[in-house]
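Below is one structure, written out as structure tokens; the observations come after it.
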Amino acid sequence: MRLSSHNNIGNAPREGKIVSDGLEIAYLEWESTSEAYENLLVMHPNGFCAGMFDPVVDLLRDQYRVVGVDLRGHGGSQEVLDETVLGNDLMAADVLKVLDALEVDVFSILGVSLGGAIAIEIAASAPERVQGLMLCEAIAMNFETRKERAQFLEQKEHPLAVGARRRRSIWSNRKEVEDSYGSRKPLDALDPLVLKAYIKWGFVDRPDGQVELACNPETEATIFGSRARYGPVSTFERLSDVKAETHILAGTQTDLDKIWFEQQAKEVNTEVNWIDGGHFFLFEDLERTVSLIRSCIG
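Residues in the sequence shown are numbered consecutively from 41, following our numbering.
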């Protein structure tokens, strides 16, 4: 069910919503400036939103029509706190319903972090529709032994979940957010235009004049820390069902375990493309980003 859609002025994306599984799911659609174009789906990291891709897409519109979806609980999509409905499989199903509503039949996917995991799920679920896959530090992991898996499932709360729950939700204005986020890790590494785009779409205006995170920190924390939801271990197992040409990219200074990406690459019979930068390397240098996308997806 397509809920709403409206055009924005100038180069801004079209914003819209559908209803999926009883939830409002928001999306952005950037039309191509060319009559001959390819479809590209972009998927954001945990806690962020589709709008952060806006400066990237602005440099790609001569070749691509781009769709970005706010995963359930993120951005303009409906808030979700229940871990049983925050599974990667359910989020992937939401995205496919958005693409169906927009009549996007065949497409490539660029997924970053959690967005990479959702990209894997989509490519595995709809192999006939996905032409190419570009995974930037996708959160999908494998364990060599049952003991390793059991240890992971028995771990205490994930440090990233702890950090998410401590995240400040309400700020005086977007300028205050930008000054704070832009001066400390990890977001100080983002291209300033990407940071501005995230703050534009990733915060909502409150009646009292302040701004608030669009993604509830509890949602972000649950995705990071839940062992009950359909998450990164299950998604890794779906890599064997991916048929599209797949590129695995990761940052040389990533704070994640590099073996995750090496295992992903092995599963799809390729090599990791190590890019100078951290976990969000894709958003650190826009000129390089565009070059990587054109190289990996065409």
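Note that the Cβ used here is the ideal one computed from N, Cα and C, for glycine as well. Source: prediction; values computed, not measured.
Sixteen is the threshold: since fewer than 16 other Cβ atoms of the shown chains lie within 10 Å of the Cβ of Ala76, the residue is exposed.
Val308 and Leu279 do touch by the CB rule: their CB atoms are close to 6 Å apart, below 8 Å. The Cβ atoms of Gly108 and Phe93 sit closer than 8 Å to each other. Here the segment 129-147 does not lie against the segment 284-293, with fewer than 3 beta-carbon pairs under 8 Å apart.
Fewer than three beta-carbon pairs drawn from the segment 196-216 and the segment 314-328 are found closer than 8 Å, and the two stretches are therefore not classed as touching. Distance from the CA atom of Cys176 to the CA atom of Ala290, rounded to whole angstroms, is 6 Å. Assignment of beta-bridge partners to Thr286 by DSSP yields Leu173. Comparing C-alpha distances from Thr275 to each of Ile337, Gly115, Thr259 and Gln303 shows the shortest one belongs to Gln303. For Asn128, the three-state secondary structure derived from DSSP is helix.
Annotation: the continuous alpha helix (DSSP H) that includes Glu258 extends over Pro257 to Gly265.
In this structure, Ala164 is the residue among Ala164, Asp110, Gly115 and Gln103 with its C-alpha nearest to the C-alpha of Asp129. At a Cβ-Cβ threshold of 8 Å, Gly115 and Ala132 do not count as neighbours. In this structure, the straight-line span from the alpha carbon of Leu296 to that of Ala178 is close to 10 Å. Cβ atoms of Leu80 and Thr259 stay farther apart than 8 Å, at about 26 Å. At a Cβ-Cβ threshold of 8 Å, Tyr270 and Gly156 do not count as neighbours. Ranked by Cα distance from Phe264, the first of Leu154, Ile162, Ile333 and Asn51 is Leu154. If you draw a 10 Å sphere on the C-beta of Glu277, you find fewer than 16 other C-beta atoms in it, and that means exposed. About 6 Å separates the Cβ atoms of Val217 and Phe243, confirming a contact at the 8 Å cut-off.
The residues Ser148, Ile149, Gly151, Ala159, Ile160, Ala163, Val282, Ala284, Glu285, Thr286 and His287, in chain order, have a CB closer than 8 Å to that of Leu173 in the same chain once the five nearest residues on each side in sequence are set aside. Boundaries of the alpha helix (DSSP H) around Gly156: Leu154 to Ser165. Distances from the alpha-carbon of Thr292 to those of Leu230, Ala305 and Gly318 put Gly318 closest. Asp102 is bridged by DSSP to nothing; it lacks a bridge partner.
Shown here, Lys57 sits in a strand according to DSSP, grouped into three states.
Setting aside the 5 residues that flank it on each side, Asn256 is surrounded in the same chain by Glu119, each with a C-beta closer than 6 Å to its C-beta; the list follows chain order. The residues Asp281, Val282, Lys283 and Ala284, in chain order, have a CB closer than 8 Å to that of Pro167 in the same chain once the five nearest residues on each side in sequence are set aside.
Under the three-state reduction of DSSP, Ser335 is assigned to helix.
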